[in-house]
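In terms of my numbering, the sequence shown is residues 1 to 112. Heads up, the beta-carbon is just placed ideally off N, CA and C, and yes, glycines get one too. Model, not experiment: these values are computed from the prediction. Reading through the structure tokens given below for one structure.
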Amino acid sequence: KDFRLASGIGIDCFIRKQDENEMNSIFSSLVSATRTAASCSLQCVRNMGYKLKSHSGAKKRFKKVGNDEVKRLQAGKRHKAQSKNGRKIGQLGLPVLLEGAFRRKVLKNMIP
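Okay, here's the thing in structure tokens:
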């Protein structure tokens, strides 16, 4: 009497009302935990034990080196090279370190 037919993705099965209530309570707790994680700062999320994904664009552009240093390539080498001398092109090929507030932002938010 306390069974009902539940149809899923190509699967029909019988679920008891008690099991359905348990699943609903688990789902609601997961939703509230997700909302809490979204409203927290990144440091709060780290402290809660969640793993953070790195920013996919930052992974391609920046590399973490040493003690809180971030390395990047320079812009201006790809095209319009006829207006630049060889020494300038060579210098543009070398990596440089990020500085200031942008370095802190990359370290904190993009490369956890």
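Under DSSP, the beta-bridge partners assigned to R72 are F62 and V96. Between L98 and R78 the beta-carbon gap is near 20 Å, outside 8 Å, which marks them as no contact. Taking the C-beta atoms as reference points, I111 is found nearer than 9 Å to K64. Excluding residues up to 5 positions away in sequence, K84 and L92 lie with their Cβ nearer than 8 Å to the Cβ of G76 in the same chain.
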